[in-house]
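Inspection log for the structure reproduced underneath, given as structure tokens.
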Amino acid sequence: MTGNGGSAAITLQDVSVCYRVPHERYYSFKEFAIRWLQRRVEYVDFWALRGVSLEVQPGEAVGVIGVNGAGKSTLLRTVARVLHPAEGRVVVRGSAAPMLELGTGFHSELTGRENIFLYGSLLGYTGQQVEEMYASIIDFSGLEEFINAPLRTYSTGMVARLGFAVATARYADIFLVDEVLSVGDEAFQRKCIHRIEGYRQRGATILFVSHSMGTVKEICQRAVWLDGGRVVQFGPTDVVVSAYQEKLQDNG
Amino acid sequence: MHSSDGKNPSSQGASKEIYDSASRPAPVIEEALALLHYRDLIRQLISRSIKTRYKRSVLGVAWTMLNPLLSMLVLTLVFSGIFRYPMQNYALYVLSGLLLWNFFSQTTTAAMGDLIWSGGLISRIFIPKSVFAVAAVGTGLVNIILALIPYLLISAFTGGTITAAVLFLPVPVLLTACFALGVGLAVSSLAIYFPDIVPMYEVVLTAWMYLTPAIYPLELVPDNIQELIKLNPMYTFIQLFRVVLYEGRLPDVSMLLQAAGIGIAGLLTGWVLFNRKAREYSYRI
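Those protein sequences? They're chains Z and R, same order as listed. Note that the numbering used here has the first sequence beginning at 1, numbered continuously upward. Note that the numbering used here has the second sequence beginning at 1001, numbered continuously upward.
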């Protein structure tokens, strides 16, 4: 393939992602060594994505929907260059800001402040950049009075606020949002959506995984429906969400 | 296209960073570049492990210094008092050996442990996978510097030989660090596939320690076994370390070259082994 997708922010050309899992999971080296010597290690290929082609333009928000195990998170991780595709090609133009699952990357013994710096560095920011973002992170999270307390004293909602505040403190060309908005109270969710929408209007691209069809309709112009690692439908959000919901009702 | 109003720093300027899965550099190169980019993460991980290690203990960081001291005390009582090793300053001999050995064993164990217990970080977010091993070595370096303070104090009080050669100490320590990083990376890549490498490696370390003259003088070992011990890379590093710290003189060139060769070869081997399968790791953890 020669073309590289022109000016799209995210391009996937026929992407397949394959988990190669041993037929039986070998938990120990000893067990594996014995099987291997006997030439009895068998693998099963699990295709988490199969022949996915997508093109997302800058300034566009695309919802990723589908049942559990459809490949939504795998799609995000492929774009975030965590997973290298087994087949096909992924091209991402610009800086990508992933949003981690609740609590991942935090350390419960460290204070809120120390965690901001740790988390920022996990996202690839330099200490200096985090320093510059610090005031806005505190402000957005509303956690100023707890910031010197260890994270283990925080509630789940507070941890979620801190994580979101760090991940979205700076403009990035691409935001990868995986279900993080489902934690936290309504007011904070609104605040997060507002912030992401603001970035989008400035040209950021958003890939948004959610089970909440209401939020998807609110944020996204287009949606992609995945099932069994394949694209079922990719188009205007209303159309795709309706089709998906119809299918769910038929099955349920 | 979107006309930026100037509030949009990263979309300005022509060159945006582009990730193209079809034209990634070779993993050995890509990983090194990523490590450079994520150097602040290394710093954060080092400070995290130093801060959290003793966070809930009363004596805090003092344990870093006390631990080898207490081991020294026990070993000195046992070997010098009971077995009567013929050495003039056995306490310092064993302490110097323990400092370097602990540095090596703790660093390689932590490299492996931090990667596989990283809470699945590397399967969720892009970070250089070797960052844990590098941070483990960094943490080890901080610890060995702290642990050198009581050594120097004891040496001053017990008539040990500390000379200006001690200024040369960073060389043996850094060469050991290279070797430890290489070993740490190699065992890490194994541990990703087989978690029970972790307890297995502990056994290996125990055996390895007894094959290294860390707590006993080499002269006490029969000649033919001495030859065997000299093939052990850690023997070279401990020798070099002791010449500078314990004997207080500069090492001769051949010894230095040997250590440098082993250190660099160990690092390169570990780096290549680790990165050979680096793109599979996020599928495995």
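Glycine included, every Cβ here is placed at the ideal spot set by N, Cα and C.
Closest Cβ-Cβ distance between residue i and chain Z: below 8 angstroms?
i, result
"R:Glu1030", "no"
"R:Thr1055", "A quick correction: the sequence has Lys, not Thr, at residue 1055 of chain R. Judged by the 8 angstroms Cβ criterion, R:Lys1055 is in contact with chain Z."
"R:Leu1041", "yes"
"R:Lys1016", "yes"
"R:Ser1155", "no"
"R:Gln1226", "no"
"R:Thr1108", "no"
"R:Phe1079", "no"
"R:Thr1212", "no"
"R:Phe1286", "The displayed coordinates of chain R run from 1001 to 1285. Any statement about residue 1286 of chain R would go beyond what the structure contains."
"R:Leu1114", "Per the sequence shown, the amino acid found at residue 1114 of chain R is Asp instead of Leu. Not closer than 8 angstroms to any Cβ of chain Z, the Cβ of R:Asp1114 fails to qualify, so no."
"R:Ser1123", "yes"
"R:Thr1052", "yes"
"R:Ser1010", "Residue confidence is low: R:Ser1010 scores 43 on pLDDT, short of 50, so the model does not pin down where it sits. Its coordinate-derived value is still stated next. True, the Cβ-Cβ gap to chain Z drops below 8 angstroms."
How would you write the range of the beta strand (DSSP E) that residue i sits in, first residue to last?
i, result
"R:Leu1240", "Here R:Leu1240 belongs to no beta strand (DSSP E); instead the alpha helix (DSSP H) covers 1233 to 1245."
"Z:Asp139", "First-last for Z:Asp139: 127 to 141, but that is the alpha helix (DSSP H), not the beta strand (DSSP E)."
"R:Tyr1019", "1018 to 1020"
"Z:Arg222", "222 to 227"
Which of the three DSSP states is assigned to residue i in this structure?
i, result
"Z:Lys72", "helix"
"Z:Ser7", "coil"
"Z:Val52", "strand"
"Z:Phe208", "strand"
"Z:Ala172", "coil"
"Z:Gln13", "strand"
"Z:Glu87", "strand"
"R:Phe1079", "helix"
"Z:Tyr154", "coil"
"Z:Gly94", "coil"
"Z:Phe234", "strand"
"Z:Arg202", "coil"
"Z:Arg81", "coil"
"Z:Phe46", "strand"
"R:Val1204", "helix"
"Z:Asp178", "strand"
"R:Arg1279", "helix"
"R:Arg1024", "coil"
"Z:Cys18", "strand"
"R:Val1088", "Residue identity differs from the one stated: residue 1088 of chain R is Gln in this sequence, not Val. Three-state DSSP puts R:Gln1088 in coil, outside helix and strand."
"R:Glu1031", "helix"
Where do the ends of the alpha helix (DSSP H) carrying residue i lie?
i, result
"R:Trp1117", "Element bounds for R:Trp1117: n/a, residue is neither H nor E."
"Z:Asp238", "237 to 251"
"R:Leu1169", "Careful: R:Leu1169 lies outside any alpha helix (DSSP H) and carries neither H nor E."
"Z:Val183", "Z:Val183 -> no alpha helix (DSSP H), and no H or E assigned at all."
"R:Leu1257", "1253 to 1276"
"Z:Arg113", "112 to 122"
"Z:Ala61", "Element bounds for Z:Ala61: not the alpha helix (DSSP H) but the beta strand (DSSP E), 61 to 65."
"Z:Met213", "213 to 219"
"Z:Ile34", "29 to 37"
"Z:His107", "Z:His107 -> no alpha helix (DSSP H), and no H or E assigned at all."
"R:Asn1143", "1131 to 1158"
"R:Ile1122", "1121 to 1124"
"R:Lys1051", "1039 to 1053"
"R:Glu1219", "From DSSP, R:Glu1219 is part of no alpha helix (DSSP H); its letter is neither H nor E."
Using a beta-carbon distance below 8 angstroms, is residue i in contact with chain R?
i, result
"Z:Ala195", "One point to set straight first is that residue 195 of chain Z is Arg, not Ala, in the sequence displayed. Answer no: the Cβ-Cβ gap between Z:Arg195 and chain R never drops below 8 angstroms."
"Z:Leu162", "no"
"Z:Leu118", "yes"
"Z:Ser121", "yes"
"Z:Thr126", "yes"
"Z:Phe29", "yes"
Can you find the residues in the same chain that come closer than 7 angstroms, C-beta to C-beta, to residue i, ignoring five residues on each side of it along the sequence?
i, result
"R:Tyr1235", "Thr1212, Pro1213, Ile1229"
"R:His1002", "Reliability fails at R:His1002, whose pLDDT of 40 lies under 50, so the model's placement of it is uncertain and no value is given."
"R:Phe1274", "Ser1130, Leu1185, Ala1186, Ser1188, Ser1189"
Going along the chain, which residues of its own chain have a beta-carbon closer than 6 angstroms to the beta-carbon of residue i, five neighbours each way excluded?
i, result
"Z:Ala169", "Met133, Ser136, Ile137"
"Z:Met213", "Val241"
"Z:Arg93", "Ala9"
"R:Ile1116", "Ala1191"
"Z:Glu87", "Ser16"
"Z:Phe234", "Val224"
"Z:Pro98", "Ala80, Leu176"
Excluding the five sequence neighbours on either side, which residues of its own chain have a C-beta within less than 8 angstroms of the C-beta of residue i, listed in chain order?
i, result
"R:Ile1042", "Leu1035, Val1131, Val1134, Ala1135, Gly1138"
Q) For the segment 129 to 147 of chain Z, which residues have a CB atom closer than 9 angstroms to at least one CB atom of chain R, in sequence order? A) Going along the segment 129 to 147 of chain Z in chain order, one finds Gln129, Val130 with a Cβ nearer than 9 angstroms to chain R.
Q | Within 7 angstroms of chain Z by C-beta, residues of the segment 1256 to 1285 of chain R in sequence order | A | Result list: Arg1279, Ser1282, Tyr1283.
**Q.** Near-chain R residues of the segment 10 to 23 of chain Z - C-beta to any C-beta below 7 angstroms
**A.** Correct list: Tyr19.
(Q) Please identify, using Cβ separations under 7 angstroms, the residues of the segment 81 to 111 of chain Z that lie next to chain R, in order along the chain. (A) For the segment 81 to 111 of chain Z, residues whose beta-carbon sits nearer than 7 angstroms to a beta-carbon of chain R comprise Arg81, Val82, Leu83, His84, Pro85, Arg89, Val90, Val91, Val92, Arg93, Gly94, Ser95, Pro98, Leu100, Glu101, Thr104, Gly105, His107, Glu109, Leu110.
**Q.** Interface positions of the segment 1125 to 1138 of chain R facing chain Z (Cβ-Cβ less than 8 angstroms), listed along the chain
**A.** When C-beta distances to chain Z are compared with 8 angstroms, the residues of the segment 1125 to 1138 of chain R below that value are Ile1125, Phe1126, Ile1127, in chain order.
**Q.** Residues of the segment 31 to 65 of chain Z whose Cβ lies closer than 8 angstroms to any Cβ of chain R, in chain order
**A.** So the list reads Phe32, Pro58, Gly59, given in the order they occur along the chain.
Q) Of all the residues that make up the segment 174 to 186 of chain Z, which are near chain R by a beta-carbon distance shorter than 8 angstroms? A) Within the segment 174 to 186 of chain Z, no residue qualifies.
Q: Mind checking the segment 1188 to 1219 of chain R against chain Z and listing, in chain order, the residues whose C-beta falls within less than 9 angstroms of any C-beta there?
A: For the segment 1188 to 1219 of chain R, which is checked against every Cβ of chain Z, the residues closer than 9 angstroms are Leu1190, Tyr1193, Phe1194, Pro1195, Asp1196, Ile1197, Met1200.
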